[in-house]
Each structure stands twice: as C-alpha cells, then as structure tokens.
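The structure appears right after this line, and notes come after that.
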Amino acid sequence: MNDFEQLEKELGSCGPLEPSADFECRVEDALGDSGRLALRQLPDLDCDNSLSSSRTTLFAVPGLLLLGAAALFVLFFSFPVPSSSVSDVELGLPADKTGDSMSSPESSSSTVSDDSPINGVSVEELSAMTEEGWRRPQEQEIPIRFFDEGIVERPGMSPARQYRYRYLDETIWVNPETNTLIRSSVPRQETLLIGLEPF
Amino acid sequence: MKTEPIWKAWFAKHGAKLLLFARQQARYPDDAEDLVQEAFVRIWRLYGHTGEVSPTLVYRAIRRLAIDWARSLDRRKVRENKVYTESSFVDFFDRTLEKDERRSALLHAVERLPPEQKEVLTLKVWGGLTFDEISRALDLSLNTVASRYRYALSKLKEWVPPSLEDHPVDKSTNT
C-alpha cells in the first residue's frame, strides 16, 4: 500500500465543497428541538475546550451555582437579624426560625395565600413590595438534572424519545433601602418528546 | 458566556464529507442535500443528546435512504418538480482545484471508477473512515472493502501517471 501513499495524499488534499449556509439553516429547522438537546458553552477566552468537557461544565457550573444559592439561603434565614433591620416582609417567617423578638400578633396570624406568587410568602407580606425602593426582580433558570428516559410508545403516533429536564426557577427581589431581600426558588420539570421515524 | 448546539460543530466537521458521499449515492444530484438532511436529522434525533454521533451511522443512513428513495414513488413526484443540472465529480470540490491540472485529472479519473470502488474510495480518502467502519457503513466484508480500495488506487495510478504535468489527460474520456 506504500506505493499508493502519494496518491492518497494528493486525493486527500482536494477538499470537498462545504455545505451552503442555506442548507445548514434547513437542517437546523428540520432538527427542531432535538438540535437543542446538547449544547456546548463558548467561553470568551478558551474556545478550544473539547465537547465532552464542555458538556460536563454545562451541568457542573449550574450545580455549583445551585449550591451557592442554597448556602446563601440557609445563611440568610439562620442568622439572627437585628430588629432594626427586620422589615414587614420578613415577619412572615416561622417563629422558631426568627426568634421571639420577631414574633408579633400580626405576623404569627398571617397565612399563606394560594394566590401568592411566591412559596411561603403571603400576599399581605408581598404588599410590602409595593413600597418604593425595590429593584426589578432578578430571575434565573438553574438547570439541575437531565434525564434521557429512552424511547416511549405513543398510541396512534410514531415512537418518541423522552427527555426530562429539572430546573430551579429562582427569583430575587432586593430593596437596598430597607436592606431586605426575598428569594423564591421553585422547582420545575419539563418533559420533551422528540418524535422518531423508524426506518 | 454563550452556548451553541453541539450539532453545529459536528456538522461543520462532517457536513462536506457527508454531502460528497450523498452526491455519489443520489440517483439525482439535487437529491444529495435532501439525503444528508434526512439521514442526519434521523440519526441526531436518536443519538444527538449524547453530543457524539458516529459519522458511520449517518453514511449508512444516507446509503439506505438513497436506495429507498430510488424506489419510492413519492420521491419520483418530488423529482418531477425539480430541474436537474448535470454535474461531474470535480464539481463537488473546491473550484480552485480546476487550476491544478494533476489534481483535476485525478478527480476526473475518480469519476470514471466503477460506483462500488468510488464509494469505498470516497469514504476512505475524504470521509476519513477506517476499513472496518466502511464495511459497516456499506454492509460489506472487510476483505471486499480493502480489495475495492486497492483496485481503485491501482486504476487511478494507471490512468493518471505521476508525469502527468507533461501529458495532460484527455478530459473527453472521463464521462
């Protein structure tokens, strides 16, 4: 085969035409959701990361963020807060966490309404947010886990591959004037079905 | 920090090779892009979530689809609505190659090869597949693949001698 090495090199040096941009757009449209199942991060400095390490990072970074957020959450509610800085919003916390100095008839009697957009915070307490000084809420979607649940049968339809994504939707309200912060973390789950065409 | 779907990087690496193979496999030249799209989408939907898809699977899917489409009545209707342009193997490569007489002659010679040798040569030289991968993509034995490749190179060597610069190949014999 050594006789052919030169020939192979010459043939290999001829580069086939690249697909057109139009064609790539067509492929992207045809892929739909399945094209967005696996993503890689494009760091500003280091663009040469391998795909596998990018995928690891994709799920590792949100995990670290999540841990950090959880630690902040615990710290925020476990440390005793000086009474001068306690706002109306914080009075809705359970008495065993906030201590005796914070329990008042008004706060202990407040109930969590089903209409509340935030878990554990009543609408009355949220009314404090109508006061001035609140910044626009910061919202972020933290991916937690991703499951490939395999191929599922759908009655009367083609089979599909089922993916389950778990997120934590985090919203933070901050009022720098009263030194108040409300953090809401709501778990969310999404199921994605990618239709398959058996052939 | 931005994110990009992994398939884009994968397609940037393999898209041109897949298209070249599809152009060989397609009964009609304009079917090549449709073949690549259909095969790639099907395979990516099955395995794309892992971010790593073996190109052999897509080559195999292209070949099978090309056979199916050649038999399909539906595709015949689609084809009837298209205007086809004749193109040679050299047209599937970078246009600047036309200026390089020897490489251009080599590509014209590849076009003259029997289809079964041409597909093996394409997968090996431009697809970068191993003989084992080619045998799986084409459903052939390893020995058959290796011998077809050897025959193809022998013919090319015979048709396009190294001293071609002094004796250009007559392109009229290449169709």
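These protein sequence lines are chains R and W, in that order.
Last residue of the first sequence: number 199 in the working numbering, and the count goes up by one each step with no gaps.
Last residue of the second sequence: number 1175 in the working numbering, and the count goes up by one each step with no gaps.
A virtual CB, placed ideally from N, CA and C, is assigned to each residue, including glycine.
Inter-residue distance for Leu1140(W) and Leu193(R) is about 35 Å (C-alpha atoms, whole angstroms). Taken in chain order, the members of the stretch 154-186 of chain R whose beta-carbon sits within less than 8 Å of a beta-carbon on chain W are Arg161, Tyr163. In the DSSP secondary-structure assignment, Ile142(R) is bridged to Leu168(R). Sorting Lys1008(W), Ala1146(W), Val1145(W), Pro1115(W) by C-alpha distance to the C-alpha of Arg1023(W) places Pro1115(W) at the top. In chain order, Ala1137 place their CB closer than 6 Å to the CB of Arg1060(W), counting only its own chain and leaving out the 5 sequence neighbours on each side. Secondary-structure assignment with DSSP links Trp173(R) through a beta bridge to Ile182(R). Beyond the five residues adjoining it in sequence on each side, Asp148(R) comes within less than 7 Å, by CB distance, of Tyr163 in the same chain, given in chain order. Looking at the DSSP output, Gln189(R) shares a beta bridge with Arg166(R). With a cutoff of 8 Å on beta-carbon distance, Arg26(R) and Gln1117(W) are scored as not near each other.
In this structure, Leu1123(W) and Val1160(W) do not form a Cβ contact; the two beta carbons are roughly 20 Å apart against a cut-off of 8 Å.
For a cut-off of 8 Å, the C-beta gap from Arg135(R) to Val174(R) is around 5 Å, short enough to register as a contact.
Under the three-state reduction of DSSP, Leu39(R) is assigned to strand. In the displayed model, Gly1128(W) falls within coil according to three-state DSSP, outside both helix and strand. Taken atom to atom, the span from the alpha-carbon of Lys1008(W) to that of Asn179(R) is near 46 Å.
Partner residues in the beta bridge of Arg161(R), as assigned by DSSP, are Ile151(R), Ile194(R). The C-beta of Leu11(R) comes closer than 8 Å to at least one C-beta of chain W. Scanning Val1145(W), Arg1112(W), His1014(W) for the CA closest to the CA of Asp1132(W) turns up Val1145(W). Burial check for Lys1017(W): the Cβ neighbour count within 10 Å reaches 16 or more, so the residue is buried. The continuous alpha helix (DSSP H) containing Trp1044(W) extends over residues 1031-1047. If the five residues before and after Leu1113(W) are omitted, its C-beta is found closer than 8 Å to the C-beta atoms of Leu1121, Ala1152, Lys1155, Leu1156, all from its own chain and listed in chain order. Contact annotation: Leu1020(W) and Glu1033(W) have beta-carbon atoms that are not nearer than 8 Å.
At least one beta carbon of chain W lies nearer than 8 Å to the beta carbon of Val27(R). Restricting attention to Ile172(R), Ile144(R), Pro155(R), Arg154(R), the CA atom closest to the CA of Pro137(R) is found in Ile172(R).
A straight line joining the alpha-carbon of Val1110(W) with that of Phe1093(W) spans about 12 Å. The beta carbon of Gln140(R) sits closer than 6 Å to those of Glu170, all from its chain and outside the five residues before and after it, given in chain order. CA-to-CA, the gap between Leu181(R) and Glu132(R) works out to about 14 Å.
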